[in-house]
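S.K.:
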Amino acid sequence: GVGNGLANRALQLLERRHTITRQQRRGAFISETPASEPSALLRRIHFLVHQNYLATEGIGNDHELLGIQAELPGVEVQISFLPREDPETFVGGLIDQSLVAKAKDGFILVRAPVEVHKCVFDAGVPAVVFGDVYPGPFRLPRIDRNMNDVGTLSAEYLLERGHKRFAFLSRQQCLPGDNATIEAIHRTLGAAELRVDALVERFLPADSQVAEAAVDALLQGDAPPTAFICRNRRLADAVTAVRSRLSARKAKKIDVVLCDHYLASGDEPAYVYPRPACDGEEVGRYLAQMLLELARNRQVADVVIPVHIDARAAR
1493 GVGNGLANRA LQLLERRHTI TRQQRRGAFI SETPASEPSA LLRRIHFLVH
1543 QNYLATEGIG NDHELLGIQA ELPGVEVQIS FLPREDPETF VGGLIDQSLV
1593 AKAKDGFILV RAPVEVHKCV FDAGVPAVVF GDVYPGPFRL PRIDRNMNDV
1643 GTLSAEYLLE RGHKRFAFLS RQQCLPGDNA TIEAIHRTLG AAELRVDALV
1693 ERFLPADSQV AEAAVDALLQ GDAPPTAFIC RNRRLADAVT AVRSRLSARK
1743 AKKIDVVLCD HYLASGDEPA YVYPRPACDG EEVGRYLAQM LLELARNRQV
1793 ADVVIPVHID ARAAR
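Residue numbering for the sequence shown is 1493 to 1807, as defined by our numbering.
See below:
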């Protein structure tokens, strides 16, 4: 299994709710339900999650899994952690196992590398990308937030707050959706007639000390940013930690928008964020419906989820 505390806590929560069972070296499985007959079309759904991002960002929350279970009762759902090395061979083994079964296996790709996208596409198995897709002839259907609007609305909100100097903090390795967000931020700031150097970008490893040091360095520069758009919670928390060490006058000038804010049911947001129009359970239902249509050899359209700014956490 994954040793990271965040990942384990997320899986322990699902296990306590009897949503999954975990098996060493195999991942985690949706627990058996009292559902009627298993689907004749789908035997199992593989939730393919890359360990590099599971360690820092989790799998979102358990609601997507509950949505899948509600839409496809009796179909087994397995969370499979992609190894850091040679993930396509691992996925190829899952596909080979599935091809000998009477019913099909479906695959959901979460922050998976391009090699896995190619492997799944070439196999022709039912598969949906939970996120954005890589350019190329191996395109799979996807469901994702409108990542263009994530960038546009985040920048517009901060402009309305009077900010003129911006910082975008993201993972060290970008994914396809990040490009849309970054470009949207640039367009929005350009439309506001800000100079190109009004935005600085930092692509940082999954290390809180490094992130805090990077924020410190930005704030000590000649033209420090006051508006931070952060790709994940670790980066937003780094800004908050550095801000807490500033004088009250300086800290008051700094605002943070978090692009990805995963909230448990009933939780209040800790940051201003672009909130999806669909909750996690609805997304899970969409994923299940798309896989079912693909198992019927039908084409499915992409699902792009609108977002709006949730400013309940505004300072």
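Built from N, CA and C at the ideal position, the CB exists for glycine as well. Keep in mind it's a predicted model, so treat the numbers as computed, not measured.
Assuming VAL1617 and ASP1597 form a contact by the criterion Cβ under 8 Å, report the distance between their Cβ atoms to the nearest whole angstrom.
M.R.: 6 Å
S.K.: Are TYR1778 and VAL1792 closer than 7 Å when you measure CB to CB?
M.R.: no
S.K.: When the Cα atoms are used, what is the spatial distance from ARG1694 to VAL1541?
M.R.: 25 Å
S.K.: Curious, which full-length alpha helix (DSSP H) runs of at least 4 residues does the region 1569-1615 contain?
M.R.: Along the region 1569-1615, the alpha helix (DSSP H) occurs as fully enclosed runs of 4 or more residues at 1579-1591 and 1606-1615, listed in sequence order.
S.K.: Along the chain, where does the alpha helix (DSSP H) that runs through ILE1560 open and close?
M.R.: 1555-1563
S.K.: Is it right to say ALA1683 is buried, meaning 16 or more other beta carbons lie within 10 angstroms of its own, or is it exposed?
M.R.: exposed
S.K.: Using the three-state DSSP reduction, which class does PRO1530 fall into: helix, strand or coil?
M.R.: Residue placement at PRO1530 is flagged as unreliable, the pLDDT there being 38, under the threshold of 50; the coordinate-derived value follows with that caveat. PRO1530: coil per DSSP, three-state reduction.
S.K.: Going by the beta-carbon positions, is the gap between LEU1533 and ALA1733 smaller than 7 Å?
M.R.: no
S.K.: From ALA1805 to TYR1649, what does the alpha carbon distance come to, in whole angstroms?
M.R.: 13 Å
S.K.: Quickly, what does DSSP pair PHE1622 with across the bridge? List them, please.
M.R.: ILE1635
S.K.: Quick one: Cα of GLY1623 to Cα of GLU1580, how far?
M.R.: 18 Å
S.K.: Among ILE1797, PHE1660 and VAL1799, which residue has its Cα nearest to the Cα of THR1718?
M.R.: PHE1660
S.K.: Can VAL1608 and VAL1625 be called in contact, C-beta distance under 7 Å?
M.R.: no
S.K.: For the alpha helix (DSSP H) that ILE1674 lies in, which residues bound it at each end?
M.R.: 1668-1683
S.K.: Does LEU1738 come out as helix, strand or coil in the three-state DSSP assignment?
M.R.: DSSP places LEU1738 in coil when its eight states are reduced to three.
S.K.: Nearest to ASP1636 by CA position, among VAL1602, CYS1611, LEU1783 and LEU1738, is which residue?
M.R.: VAL1602
S.K.: Helix, strand or coil: which one does DSSP assign to LEU1696?
M.R.: Of the three classes helix, strand and coil, the one that applies to LEU1696 here is strand, per DSSP.
S.K.: By DSSP, does GLY1497 sit in helix, in strand, or in coil?
M.R.: Confidence is the limiting factor: at GLY1497 the pLDDT is only 48, short of 50, which leaves the residue's position unreliable and the question unanswerable from this model.
S.K.: Ordered along the chain, which non-local residues of its own chain (more than five positions away) have a Cβ less than 6 Å from that of GLU1524?
M.R.: The predicted position of GLU1524 is uncertain, since its pLDDT is 49 and thus under 50; no value can be drawn from it.
S.K.: To the nearest angstrom, how far is the alpha carbon of ALA1769 from that of ILE1797?
M.R.: 6 Å
S.K.: At a threshold of 6 Å, does GLN1561 count as lining the ligand ADP (C-beta to nearest heavy atom)?
M.R.: Ligands are entirely absent from the displayed structure, and the ligand ADP is therefore not among its contents.
S.K.: Measure the CB-CB distance between ALA1672 and ASN1640 and report whether it falls below 7 Å.
M.R.: yes
S.K.: Count the other CB atoms within 10 Å of the CB of ARG1576; is the residue buried (16 or more) or exposed (fewer)?
M.R.: Residue environment for ARG1576: exposed (fewer than 16 other C-beta atoms within 10 angstroms of its C-beta).
S.K.: Identify, in the order they occur along the chain, each residue of the same chain with its Cβ nearer than 6 Å to the Cβ of ALA1604, setting aside the five sequence neighbours on each side.
M.R.: LEU1540 and HIS1542
S.K.: Could you tell me if GLY1713 is buried or exposed, where buried requires 16 or more neighbouring beta carbons within 10 angstroms of its beta carbon?
M.R.: exposed
S.K.: Classify VAL1702 as helix, strand or coil using the three-state DSSP reduction.
M.R.: helix
S.K.: Using a Cβ-Cβ cutoff of less than 8 Å, which residues in the same chain neighbour CYS1611 once the five nearest sequence positions on both sides are dropped?
M.R.: GLU1580, VAL1583, GLY1584 and ILE1587
S.K.: Could you tell me which residues DSSP puts in a beta bridge with PRO1766?
M.R.: Bridge partners of PRO1766: ILE1801.
S.K.: Using the Cα positions of VAL1799 and PHE1613, report the straight-line distance between them to the nearest angstrom.
M.R.: 29 Å
S.K.: Using alpha carbons as the reference points, say which of PHE1599, GLU1652 and VAL1620 lies closest to ARG1634.
M.R.: VAL1620
S.K.: Quick one: grab the DSSP three-state call for ARG1567.
M.R.: Correcting the residue type first, residue 1567 is Val in the shown sequence and not Arg. DSSP, read as helix, strand or coil, puts VAL1567 in coil.
S.K.: What residue range does the beta strand (DSSP E) around VAL1748 cover?
M.R.: Here the beta strand (DSSP E) through VAL1748 covers 1747-1750.
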